[in-house]
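Each step along the sequence shown adds one to the number in the UniProt record's numbering, with nothing skipped, and position 33 is 33. Built from N, CA and C at the ideal position, the CB exists for glycine as well.
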Amino acid sequence: MLIGRAAELAELTAALDRAAAGSAGVVLVSGDAGVGKTHLVSALTAAAVDRGCAVLVGQCAELGESMPYLPLTDALWAAAHAGTPESDEVRSALDARPALARLLPDGEGGPAAGSELGQQQLFGAVLGLLGELGDERPVLLVLEDLHWADRSTRHLLTFLSRVLQRERVCLVGTYRSDDLHRRHPLRPVVAELLRLPNVTGVEVRPFGRGETAQYLAELARGSAPVTARTVERVHRRSEGNPFYAAELYSSGLDVGDTGDDGAAGLPSALADLLLSRIERLSDAGQRVVRVAAVAGRRVDDELVRVVAGLDEATVGEALREVVSHQLLVPSGAGYTFRHALLREAVYADLLPGERTRLHADFARLLVGLPDGTRGSAAELAHHSLAAHDLPAAFAASVRAGREADRLAAPAEAYEHYDRALELWDAVADPEAAAGTDRMRLSLAAAQASARAGELRRAVHRLRRVLAAADPADVRLGCLLREHLAGYLGDIDEDAESQAVAREAVAMLPADPPTVERADALATYARTLMYRDAAGEMPEFAERAIETAREAGATGAEASLLVTLGLYRESREADTGVAEVFARAHELAAAAGDSSMIAMRASFHLARTKFDRGDLAGAVRAADAGVKFAVDNGLVWSTFGIVLRSLRYLVHYTSGDWAEAGRLADEFAVQVVRTPEAQVSAYALFLEVAQGAPTVEQRLRWIAPLRAQDGFVNYLSRGLAAEQALWHGDPETAAEHVRDVLDTVYIETVGAIRIAATGLWAEADRAARARAAGDEEALRAARETGDMLLRIARSVVAVNVDGQPRAWLGWEGQGWLARAEAERRRLDGVHDVELWRRTAELFTYGDSDGGFVYEVARSRWRLAEALAENGDRDEAAVQWRAAVQAAERLGARPLLAALRDLGVRARLGTGRAGAAPRTAPSGPLDSLTGREREVLKLVAEGRNNREIAAALFISPKTASVHVSNILGKLNVSSRTQAAAVAHREGT
1 MLIGRAAELA ELTAALDRAA AGSAGVVLVS GDAGVGKTHL VSALTAAAVD RGCAVLVGQC
61 AELGESMPYL PLTDALWAAA HAGTPESDEV RSALDARPAL ARLLPDGEGG PAAGSELGQQ
121 QLFGAVLGLL GELGDERPVL LVLEDLHWAD RSTRHLLTFL SRVLQRERVC LVGTYRSDDL
181 HRRHPLRPVV AELLRLPNVT GVEVRPFGRG ETAQYLAELA RGSAPVTART VERVHRRSEG
241 NPFYAAELYS SGLDVGDTGD DGAAGLPSAL ADLLLSRIER LSDAGQRVVR VAAVAGRRVD
301 DELVRVVAGL DEATVGEALR EVVSHQLLVP SGAGYTFRHA LLREAVYADL LPGERTRLHA
361 DFARLLVGLP DGTRGSAAEL AHHSLAAHDL PAAFAASVRA GREADRLAAP AEAYEHYDRA
421 LELWDAVADP EAAAGTDRMR LSLAAAQASA RAGELRRAVH RLRRVLAAAD PADVRLGCLL
481 REHLAGYLGD IDEDAESQAV AREAVAMLPA DPPTVERADA LATYARTLMY RDAAGEMPEF
541 AERAIETARE AGATGAEASL LVTLGLYRES READTGVAEV FARAHELAAA AGDSSMIAMR
601 ASFHLARTKF DRGDLAGAVR AADAGVKFAV DNGLVWSTFG IVLRSLRYLV HYTSGDWAEA
661 GRLADEFAVQ VVRTPEAQVS AYALFLEVAQ GAPTVEQRLR WIAPLRAQDG FVNYLSRGLA
721 AEQALWHGDP ETAAEHVRDV LDTVYIETVG AIRIAATGLW AEADRAARAR AAGDEEALRA
781 ARETGDMLLR IARSVVAVNV DGQPRAWLGW EGQGWLARAE AERRRLDGVH DVELWRRTAE
841 LFTYGDSDGG FVYEVARSRW RLAEALAENG DRDEAAVQWR AAVQAAERLG ARPLLAALRD
901 LGVRARLGTG RAGAAPRTAP SGPLDSLTGR EREVLKLVAE GRNNREIAAA LFISPKTASV
961 HVSNILGKLN VSSRTQAAAV AHREGT
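Quick look at the structure:
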């Protein structure tokens with residue numbers, strides 16, 4: 001019976017209902033130990049089962065960081081073997097995802113230590129499994145006791161909380177709020193997640209007095225009624241904590257004040273109370289409970305029978321006694337404590353020697369388990385260390401590190417390797433026990449640290465290792481330097497990266513060729529991409545490729561091909577690089593251990609086709625790259641993200657906005673990490689162009705991350721500038737552009753686009769200044785415009801490395817032409833030929849293709865220029881083409897601008913099939929169509945010069961129109977004419 005939790009259960013079931021409707025959500029249930037979180041969640045799982053949901057429940061264990069993904073493993077194993085209708089679905093989904101199947105006790109295979117198929121693959125597989133299950137029925141995933149979660153589980157929780165959007169999945173996590181001290185690793189995670197819109201917190205509070213009375217009455221059902229005095233004393237002592245109340249009541253002891261001594265880490269009164277229940281057991285029962293407490297939250301039936309040291313009959317009776325007293329609860333092939341506080345109280349009450357001996361007994365038993373048994377090495381390390389058996393703890397830590405590596409848990413792998421390295425000097429023959437030397441184990445720790453995102457820690461470790469390494473071991477020296485150079489490059493220490501890579505190359509002779517030297521050559525070649533004063537890159541890379549081939553280093557060869565292709569593309573305008581990238585992908589994919597290199601090649605293959613205007617080829621290459629990422633569980637890796645973004649961008653460019661919109665639906669609006677913001681910012685291209693209502697919300701979510709990443713700042717603020725311009729706010733647009741130019745490399749092609757956007761803003765500001773006669777503002781706009789045009793032109797001349805740029809793609813040329821045309825517009829000149837050239841360049845050489853939206857935007861300005869220069873027939877042709885494109889795309893801001901131009905320049909309404917105007921009536925009957933347009937501008941407060949600019953007429957003609965209007969309306973001033981216009985709704 002659930003007491004006093006109606007509101008909390010309603011909130012949880014509401015989240016479950018939202019998930020069932022296709023809006024995934026996360027609920028974090030917090031409360032003190034024993035307050036009833038598990039009971040509440042049990043009621044939710046029962047409700048979920050009644051609603052036909054798939055329910056997966058996993059629990060964390062108090063094993064520190066030693067067993068990665070334990071609650072996930074627990075949930076998957078239990079669901080797959082529960083015998084429920086969804087068990088077959090779970091097993092089928094697991095069979096299709098080796099990354100998850102290998103987590104289970106009977107799982108096989110998995111990547112070797114150091115494999116690139118790391119957490120990204122595992123997380124992608126979890127997301128895919130939940131989505132697949134959700135296609136059949138809503139999914140409730142419960143992760144209990146997150147305060148004991150290992151680092152990898154915390155990362156998984158964070159990942160799912162951020163990426164679950166439209167899946168029919170409800171994720172519920174529980175944790176002890178009283179355990180979250182200031183330095184608890186879960187505390188910042190919870191604080192961060194609770195800021196997400198799709199994450200809610202449910203706090204389970206202690207009972208009030210009435211609820212305690214109801215609870216005790218339920219406990220006493222069938223026995224003597226609970227007295228008011230008992231309720232008062234139990235409620236006072238338990239402070240409304242249901243578990244404490246139940247223990248106080250069930251103990252049958254006086255619940256008055258107790259002494260101060262008791263189990264460490266527990267309130268003394270509760271510790272005494274809990275231990276008093278244990279003391280009621282027989283000696284054999286107490287022995288079994290003490291053994292179980294040392295084992296952990298769960299204990300295997302066979303292990304507890306052996307470690308207890310009792311004969312079979314006695315231990316069987318003891319287990320039956322303990323279970324009947326509800327201290328241990330049968331769970332699968334073993335037992336769990338009814339509550340963690342019971343185990344803690346018993347464990348803390350053990351004498352030091354007794355605790356050590358029991359840990360040693362468990363360690364001896366675990367040694368006999370088969371290698372590869374899930375978590376055996378981590379548990380062995382835990383028990384051996386607690387038993388002060390340092391050699392065994394050392395060997396088990398090394399094994400546990402390798403097991404964590406295999407399970408794509410780099411943070412845990414690092415912790416195990418780091419512990420082993422700390423114990424190195426305490427072991428008689430550590431190399432024999434570890435199967436490797438200290439330097440190589442340190443390298444493994446550094447690699448795990450880097451894969452966990454701790455690059456600076458990896459660099460620090462490798463620097464120390466290099467200082468202590470044997471200079472005579474040149475192969476190891478090369479290996480250490482090659483990795484250090486790569487990590488240094490990743491943290492932008494380019495000069496040191498290149499110097500260390502050069503040392504790595506020099507460590508090994510060219511003959512015979514080796515994989516280690518080939519890898520070093522590949523790393524050094526990458527450093528030459530942006531630091532090649534001597535111009536050695538092409539020849540060096542060619543020689544390195546030959547070395548890699550001779551050594552059979554397929555991954556290094558693929559990496560070198562990509563690097564050489566990038567170099568030739570930027571320096572030599574090599575048009576054959578697409579074939580080079582395709583070959584690199586084939587090599588890396590075939591190598592089996594170079595998936596990130598394969599994805600790097602896929603991205604550049606698609607990107608170079610895109611840059612050269614081959615949009616159909618770019619779509620095919622991007623689709624293939626994304627499929628490779630999905631198949632390898634790397635959708636959320638660096639190149640998985642950029643490939644997805646590029647695939648979206650190709651569809652956006654080609655005018656297939658339906659497909660682009662479908663892909664953009666996967667780009668979350670609520671983002672809190674830089675990679676997520678990069679993906680989200682791409683969606684702004686379509687949303688700004690279509691005038692979507694989500695633009696401002698997306699920009700607000702991205703804004704806090706702009707300072708952390710120049711690309712996010714460039715993309716989001718550049719598109720925010722366009723948003724401001726469409727809303728008639730060039731000042732805000734100019735502010736966005738200034739900020740971007742302060743943070744982006746002005747040598748990149750993206751600088752041309754942002755400069756052109758800035759020139760659009762300055763041209764609009766200049767038009768206003770000119771109409772207002774503000775010469776100072778006009779001069780400032782011209783100065784800024786000149787600066788922006790210099791930036792745009794400089795990109796054509798100089799590459800990011802300061803070398804001459806070999807070529808500029810169609811899009812870059814189009815943006816440069818637009819920048820030139822906008823600079824002329826800033827001076828009040830509508831240059832027909834410049835705008836015509838801009839439109840032609842954006843077609844990418846295909847009159848019916850190219851960058852469809854930008855062609856339409858360019859035709860808008862071209863029509864305006866033609867009208868200004870008196871060629872209304874050609875202006876109408878360009879205007880109609882732009883209107884048709886804008887209508888097809890759903891580009892509402894552009895369509896509104898075109899309609900405004902159509903009215904001002906008398907090109908049309910921009911409304912297909914618009915009904916003709918009815919005959920006018922009233923005071924405005926006598927006005928012509930042009931005079932109505934002039935009157936509307938008069939009512940807006942425009943002067944004759946502003947009216948002339950808006951309607952493409954001379955100020956003198958505007959003055960004549962105003963005079964005619966005053967006469968026809970029989971008024972004597974512009975103010976009176978404006979009043980008539982407002983009254984008549986003009």
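By the beta-carbon neighbour count (other beta carbons within 10 angstroms, threshold 16), N970 is exposed.
Rounded to the nearest angstrom, the Cβ distance from L129 to R97 is 6 Å, consistent with a contact under 8 Å.
In the displayed model, Q165 falls within coil according to three-state DSSP, outside both helix and strand. Under the DSSP assignment, S282 falls outside any beta strand (DSSP E); it carries neither an H nor an E label. The residues H147, in chain order, have a CB closer than 8 Å to that of H184 in the same chain once the five nearest residues on each side in sequence are set aside. For D511, the secondary structure class from DSSP, reduced to helix, strand or coil, is coil. Taking a C-beta distance under 8 Å as the contact criterion, A518 and A551 qualify as a contact pair.
Distance between S847 and A703, taken at the CA atoms: about 38 Å. Judged by their CB atoms, L186 and L180 are nearer to each other than the 8 Å cut-off. Cβ atoms of A392 and H416 stay farther apart than 8 Å, at about 14 Å.
By the C-beta criterion, the region 827 to 838 is judged to be in contact with the region 864 to 878, since at least 3 inter-stretch pairs fall below 8 Å. When secondary structure is reduced to three states using DSSP, L143 falls in the strand class.
DSSP places D300 within a strand segment (E or B) once states are collapsed to three.
In this structure, the CA atom of N241 is about 9 Å from the CA atom of T212. V26 is bridged by DSSP to L171, V199. A Cβ-Cβ distance of about 11 Å is found for the pair A450 and A444, leaving them out of contact under the 8 Å criterion. A292 places its beta carbon less than 8 Å from that of V304. Rounded to the nearest whole angstrom, the C-alpha separation of V35 and D729 is 55 Å.
Inter-segment contact for the region 34 to 50 and the region 152 to 169 is absent: fewer than three beta-carbon pairs are separated by less than 8 Å.
Partner residues in the beta bridge of Y335, as assigned by DSSP, are V299, P330. Distances from the CA of A733 to each of D135, A756, R137, R549 were compared; the closest alpha carbon is that of A756. A direct Cα-to-Cα measurement between D95 and D349 gives close to 45 Å. The C-beta distance from V740 to A761 rounds to 12 Å, too long to meet the 8 Å contact threshold. The bridge partners DSSP lists for G58 are L143.
The beta-bridge partner set that DSSP reports for R531 is empty. Counting of Cβ neighbours within 10 angstroms places G31 among the buried residues, the total reaching 16 or more. DSSP places P71 inside the alpha helix (DSSP H), whose first and last residues are 70 to 80. The secondary-structure analysis by DSSP pairs R176 across a beta bridge with G31.
In this model, A409 and R600 are separated by some 23 Å (Cα to Cα). A direct Cα-Cα distance of roughly 12 Å separates G58 from T38.
Judged by their CB atoms, L421 and L390 are not nearer to each other than the 8 Å cut-off.
Minimum Cα-Cα distance from A707 among the listed residues V505, D742, R481 corresponds to D742.
Rounded to the nearest whole angstrom, the CA to CA distance from R647 to F851 is 14 Å. DSSP places H388 in the coil class of the three-state scheme, outside both helix and strand. Straight through space, the alpha carbons of V962 and N198 are spaced by roughly 58 Å. Contact between V139 and L133 holds, with the beta-carbon distance rounding to 5 Å and staying under 8 Å.
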